[in-house]
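Note sheet for the following structure.
Residue numbers (this note's numbering): 7 to 123.
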């Protein structure tokens with residue numbers, strides 16, 4: 007009788023969907039933020055890619071916008087997901103820029119990324 011709960015538990019684990027099923031490889035390189043201080047680790051953040059260069063003659067901004075309108079500027083966003091409207095979920099290291107640097111969003115280095123339906 008002890009094996010029945012064990013079998014049931016294994017089946018439950020095996021039937022769980024893989025949350026990183028649509029994972030996209032990200033580069034570990036991020037020279038842009040190499041000297042900046044890491045301030046936080048972000049986990050499972052959903053957002054939508056915005057590539058302003060697709061609709062603007064002057065802006066080259068490329069970022070992930072979240073539901074609260076935060077802009078995350080990822081130094082290592084893969085080219086395969088750089089199309090406006092691509093829905094993603096990411097893990098990232100957040101950085102604080104030096105005091106003399108002003109940004110229009112939050113600098114991050116992606117550690118994990120997947121596309122979302």
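The beta carbon of each residue, even a glycine, is placed where N, CA and C say it ideally should be.
Source: prediction; values computed, not measured.
{"query": "Given residue 56, which residues of its chain have a CB within under 6 angstroms of its CB, disregarding the five upstream and five downstream residues?", "result": "69, 71 and 90"}
{"query": "With DSSP as the reference, label residue 56 as helix, strand or coil.", "result": "strand"}
{"query": "When you compare the CB positions of residue 85 and residue 54, do they come within less than 8 angstroms of one another, or not?", "result": "no"}
{"query": "Quick one: what's got a C-beta closer than 6 angstroms to residue 33's C-beta in the same chain, skipping five residues either side?", "result": "82"}
{"query": "Roughly how far, in whole angstroms, is the beta-carbon of residue 65 from the beta-carbon of residue 73, given that I think they are within contact range, below 8 angstroms?", "result": "So it is not a contact: roughly 22 angstroms between Cβ atoms."}
{"query": "Pick out whichever of 27, 50, 28 and 109 has its Cα sitting closest to the Cα of residue 116.", "result": "50"}
{"query": "Starting from residue 117, follow the beta strand (DSSP E) in both directions and report where the run begins and ends.", "result": "112 to 121"}
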